[in-house]
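To keep things clear, I will list the structure first and then write my remarks on it.
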Amino acid sequence: MMDWLDVATQGILLGGVYALFALGLSLVFGIMRLVNLAHGDLIVLAAYFVLFTSSMAGLPLGVATALAIAAMFVLGYLLQRFVLERVLGDEIMPPLLVTFGLSVIVQNALLLTFGADSRRLQAGAFETGSVSLAPALKVGLAPLTTLVAAVIVIALLQLLFYKTSIGRAFRATADNPEIAQLMGINQRRIFAIAVGISLAVSVVAAVSLGVRANFDPSIGPARLLYAFEAVIIGGLGSLWGTLAGGMVVGIAQTIGARINPEWQILAGHLAFLAVLMIKPRGLFPGAGHDAR
Amino acid sequence: MKPTLGRFNRRQVLRGTAGAIAGLGAASLFSPAVFAAKIIKIGYVSPKSGPLAAFAEADDFILGQFRTTTKNGLKLGSQTYQVEVIEKDSQSNPNRAAEVAKELITRDNVGLILVGATPETNNPVATQCELEQIPCISSVAPWQTNFIARQANPADPKSWKPFESTFHYFWGLEDVIGVFTGMWSQVASNKSVGALFPNDGDGNAWGDKVVGFPPVLSEKGYKLTDTGRFQNLTDDFSAQIAAFRSTDAEIVTGVVIPPDFTTFWNQAQQKGYKPKLVSVAKALLFPTTVQALGKNGHNISTEVWWTPSHPYKSSLTGISAADLAKGYEQASGKQWTQPIGFVHSLFEVAIDALKRSGDPADGAAVAKAIGATKLDTIVGPIAFGSNKVPPFAARNIAKTPLVGGQWRLNGDRYEMVITENGQAPQIPLGGQMQALS
């Protein structure tokens with residue numbers, strides 16, 4: 001009994017990791033209908049930024065993270081204004097290809113700058129610390145913090161979407177870009193801010209990745225696969241759905257692994273297929289800010 | 293109508309052309325040799341970019357040294373040859389590795405190809421060389437992955453055949469098993485071993501019930517808990533940790549990629565699982581990956597193929613292992629890594645074989661010379677056809693010594709301390725095995 005409780009807890013914690021990876025993806029897809037294939041590499045880029053400012057320049061991890069959030073927001077804003085904006089349109093292929101190219105560029109630029117070594121963000125005792133939830137149920141501090149961070153980020157984004165005027169503009173643009181523009185919303189600015197927020201959120205994912213395991217310039221795409229599944233299981237564009245989607249994949253993986261570790265990854269993919277078969281539009285279609 | 297070309301008929305044109313070609317041929321045969329030396333072209337394939345790039349990190353340093361050494365050409369008999377190395381990037385992709393090997397052979401006309409960075413780079417290159425009958429020397433992968441995996445039917449030992457043109461030197465699975473069990477025997481434990489064997493070439497070979505760890509371990513009285521082949525880049529190891537706990541495994545072993553070892557080791561500590569000995573291959577090859585573990589990498593053990601304290605020197609330049617490593621550290625500002633010695637040794641074996649071949653342009657002669665190699669290199673003695681290798685592979689495979697060691701934290705830098713040398717006593721011990729807890 002205790003054993004299965006442990007399986008479920010580990011699965012939920014794993015879900016937090018996947019959700020955090022998927023949030024930025026979910027955000028730009030919901031507002032702009034843009035599938036950002038470079039999202040994983042941008043997370044790795046953010047991880048290197050934090051590594052550079054913390055380990056190499058000696059700033060505390062918190063300060064480095066705050067700096068990275070600001071820097072990645074600006075980068076996202078500029079990326080949209082100068083690159084992605086030019087290819088966004090009715091065609092679905094050009095933006096896909098551009099983000100794919102961006103992924104290759106980011107990987108190789110990182111390889112040239114930082115070399116191929118596998119790196120890590122140092123967080124001291126926090127990395128291996130744990131809390132006891134029950135006598136035989138120990139939960140790692142780092143994964144727990146990741147889950148809490150995912151929930152806080154989603155709550156903040158929901159606040160932004162439903163309580164602010166910029167959030168109203170996001171929702172309006174997501175619903176109908178043409179009419180929104182007629183109402184005086186500057187679509188170019190809204191999109192640029194959305195990509196900026198997406199990259200700012202990716203910094204949180206980057207820190208969690210860097211503390212949890214090693215990263216190297218080429219690891220982004222592999223880490224992105226489960227994020228895609230989380231977004232699709234949750235329902236495209238729904239942020240809480242993305243969290244739920246991450247947990248479905250996470251719990252499926254830990255249950256599969258407990259039966260036989262060879263089935264761990266497969267179990268996650270099977271859960272993904274099962275959800276698609278039963279609810280092709282995801283668990284929460286249109287439950288978020290986007291009701292298209 | 294008679295085919296004519298201007299004022300000449302067809303026969304005249306043909307005769308004239310043949311004469312001209314003969315003249316040109318004669319000219320290039322006799323005259324340039326006086327002015328320009330002949331060129332030996334050596335192809336070198338390595339993963340300069342992509343996930344395996346750490347293996348190629350010392351390439352520029354080693355190749356720079358090699359080019360300086362051979363600047364004045366190579367004198368074979370009365371003939372001086374210019375040596376040219378053509379580098380190609382495999383991009384850590386086996387298909388790309390095969391492609392660049394083909395390019396080296398057909399476009400650059402190299403006479404010999406060197407490669408030394410994991411089976412993903414070595415095997416496609418060696419396969420191309422074998423097809424085109426171009427000599428190839430490879431290293432840095434257990435010999436089984438080179439010799440057995442490239443056979444038409446790896447599952448049927450009776451069908452295995454030696455190769456004509458491709459040669460490989462490194463240690464084998466039997467050596468790493470010997471080193472790991474040698475290390476474990478130094479510390480009192482309950483002999484219960486948990487294994488992390490992923491679903492890749494290495495993991496499947498290590499976990500193989502015939503040639504891998506399981507038969508040897510049970511013979512030596514160890515109890516193995518192998519939970520099965522997991523996928524690389526797994527994010528959760530709680531199932532394995534639970535299984536190791538239930539069999540009270542005081543020893544953990546495996547062949548895992550760096551991110552997975554970090555995930556496993558962090559999770560093990562979060563869950564309070566504390567084995568006495570952890571010996572893993574692959575994950576802790578490079579000092580930077582141990583450094584990435586923070587303080588938690590202290591006393592984790594791994595197999596060691598080369599260190600600056602190996603008592604060997606280069607046959608090419610006479611430089612010692614210690615000085616080669618020091619030179620790299622000064623030139624790059626980074627800590628030495630194990631592949632440095634092996635990349636250097638590839639060029640030692642190549643030059644030695646070319647010298648003995650008689651005619652470096654004759655592929656068959658060069659291949660024959662490589663097969664007859666008996667050379668003391670910076671990674672130890674290399675000799676093909678020795679009885680240390682099973683007879684079926686002896687023609688193509690040579691073995692280099694393998695020892696084991698623990699990474700110890702010295703200040704805030706990790707140092708490799710050799711703790712087990714049962715199979716290669718000539719390599720000095722740096723200390724005794726220490727338990728983790």
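Line order of the protein sequences matches chains A and B. Position 167 of the first sequence, counting from 1, maps to 167 under the working numbering, and the rest follow consecutively. Every position in the second sequence, counted from 1, becomes a number in the working numbering once 292 is added. For every residue, glycine included, the Cβ atom is placed at its ideal position computed from N, Cα and C.
query, result
"Proximal residues of chain A, C-beta to C-beta of B/Gly-520 below 8 Å", "Asn-260, Pro-261 and Glu-262"
"Which listed residue (B/Val-485, B/Trp-498 and B/Glu-422) has its alpha carbon closest to that of B/Pro-434", "B/Trp-498"
"Which of helix, strand or coil DSSP assigns to B/Trp-598", "coil"
"Same chain, Cβ closer than 8 Å to A/Gly-140, five either side skipped, listed in chain order", "Leu-13, Thr-128, Gly-129 and Ser-130"
"Neighbouring residues, chain B, relative to A/Thr-128 (Cβ below 7 Å)", "Asn-558, Gln-561, Gln-562 and Asn-588"
"Same chain, Cβ closer than 6 Å to B/His-590, five either side skipped, listed in chain order", "Leu-701"
"CB-CB length for B/Leu-638 against B/Ile-429, believed under 8 Å", "6 Å"
"Rounded separation between A/Val-231 and A/Gly-241 - CA only", "7 Å"
"Partners in chain B for A/Asp-41, counting only beta-carbon separations shorter than 8 Å", "Per Cβ cutoff of 8 Å: no residues; A/Asp-41 is ~13 Å from chain B at best."
"Where B/Phe-578 meets chain A, residues with beta-carbon distance less than 7 Å", "Asp-117"
"Counted within 10 angstroms of its Cβ, other Cβ atoms place B/Asn-688 as buried (16 or more) or exposed", "buried"
"Limits of the alpha helix (DSSP H) - the one that B/Asp-615 falls within", "613-624"
"Residue-level contact to chain B via CB, A/Pro-135, 9 Å cutoff", "no"
"Reference A/Leu-34, options A/Pro-285, A/Ala-142 and A/Ser-26, closest by Cα", "A/Ser-26"
"For B/Gly-697 and B/Ala-664, the rounded distance between their alpha carbons", "32 Å"
"Beta-carbon contacts of B/Leu-608 that lie in its chain and below 7 Å, excluding the five residues immediately before and after", "Thr-361, Phe-639, Glu-640 and Ile-643"
"Outcome for A/Ala-70 when other beta-carbon atoms lying within 10 angstroms are tallied against a minimum of 16", "exposed"
"Opening and closing residue of the beta strand (DSSP E) in which B/Gly-712 lies", "Per the sequence presented here, residue 712 of chain B reads as Glu, with Gly not at that position. Unbroken beta strand (DSSP E) run through B/Glu-712: 705-712."
"Cα-Cα separation between A/Leu-97 and A/Ala-38, rounded to whole angstroms", "10 Å"
"Through-space distance from A/Ala-64 to B/Ser-481, alpha-carbon basis", "44 Å"
"Chain-ordered chain A contacts of B/Gln-532 [CB-CB under 7 Å]", "Pro-261"
"Runs of alpha helix (DSSP H) wholly within the stretch 136-224 of chain A (minimum 4 residues, chain order)", "141-163, 165-175, 177-182 and 187-212"
"B/Ala-690 in three-state terms, based on DSSP", "strand"
"Member of B/Ser-601, B/Phe-455, B/Ala-659 and B/Ser-384 whose CA lies at the smallest distance from the CA of B/Asn-713", "B/Ser-601"
"Residue environment, B/Glu-412, which counts as buried when at least 16 other CB atoms sit within 10 Å", "buried"
"Cβ of B/Asn-491 within 9 Å of any chain A Cβ", "yes"
"Proximal residues to A/Leu-157 (C-beta, below 8 Å), its chain only, five neighbours per side dropped", "Leu-23, Leu-27, Ile-197, Val-201 and Leu-239"
"Within-9 Å CB hit, B/Pro-386 to chain A", "no"
"Chain A residues whose Cβ lies nearer than 7 Å to that of B/Leu-525", "Ala-222"
"Reference B/Leu-569, options B/Thr-599, B/Gln-478 and B/Ala-613, closest by Cα", "B/Gln-478"
"Assumed close pair A/Met-183, A/Ala-172 - CB separation to whole angstroms, cut-off 8 Å", "7 Å"
"Closest Cα partner of A/Glu-229 within the set A/Val-203, A/Phe-272 and A/Ala-109", "A/Phe-272"
"The stretch 530-555 of chain B: positions lying closer than 9 Å to chain A by Cβ", "Ser-530, Ala-531, Gln-532, Ala-534, Ala-535, Ile-549, Pro-550, Pro-551, Asp-552, Phe-553, Thr-554 and Thr-555"
"Burial state of B/Ser-451, where buried means 16 or more other Cβ atoms lie within 10 Å", "exposed"
"Limits of the unbroken beta strand (DSSP E) element including B/Lys-732", "The requested residue 732 of chain B does not occur in the structure, where chain B is confined to residues 293 to 729."
"Cα-Cα separation, B/Phe-439 to B/Leu-366", "31 Å"
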